[in-house]
Amino acid sequence: MADYTKAIEINPKSADTYNNRGSIKSDLGDNKGATADYTQAIEISPSFVPAYLNRAAIKLDQGDKEGATADLLQAAKIGNADVQQWLKSNGISKW
Numbered sequence: 002m003a004d005y006t007k008a009i010e011i012n013p014k015s016a017d018t019y020n021n022r023g024s025i026k027s028d029l030g031d032n033k034g035a036t037a038d039y040t041q042a043i044e045i046s047p048s049f050v051p052a053y054l055n056r057a058a059i060k061l062d063q064g065d066k067e068g069a070t071a072d073l074l075q076a077a078k079i080g081n082a083d084v085q086q087w088l089k090s091n092g093i094s095k096w
């Protein structure tokens, strides 16, 4: 994780780096820190689908179905075909 933190210090506008550091935090059980990193990745690049998917997974694990659905819908709106199909097959949205 230290390498990602250093990379963020060098280039604080890298959505991918925030997303990757968030994944490490999530793996370590730091869901609050992971969510913050995923949110930062989204703020940097609002069309960065992986951060929406990762944040949705944490929200779902925490019982926030509405929040998870909102992130999945946003990923689908951006154009992620896999998410669109999943939403359609689960009756969450019309795709």
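For the record, in the sequence shown the residue sitting at position 37 is 38 according to our numbering, with numbers rising by one throughout.
Glycine included, every Cβ here is placed at the ideal spot set by N, Cα and C.
Proximal residues to residue i (C-beta, below 8 Å), its chain only, five neighbours per side dropped
{"i": "residue 49", "result": "16, 17, 20, 42 and 43"}
Where residue i falls: helix, strand or coil (DSSP)
{"i": "residue 92", "result": "coil"}
{"i": "residue 34", "result": "helix"}
{"i": "residue 7", "result": "helix"}
{"i": "residue 14", "result": "coil"}
{"i": "residue 81", "result": "coil"}
{"i": "residue 104", "result": "This structure cannot settle anything about residue 104, because the visible part of the chain is limited to 2 through 96."}
Proximal residues to residue i (C-beta, below 6 Å), its chain only, five neighbours per side dropped
{"i": "residue 52", "result": "20, 39, 42 and 43"}
{"i": "residue 27", "result": "35"}
{"i": "residue 32", "result": "59"}
Cutoff 7 Å; reference residue i; Cβ partners in own chain excluding five residues on either side
{"i": "residue 100", "result": "No answer is possible for residue 100: the residues shown for the chain start at 2 and end at 96."}
Every unbroken alpha helix (DSSP H) within the region 41 to 72, with a cutoff of 4 residues, ordered by chain: 50 to 62
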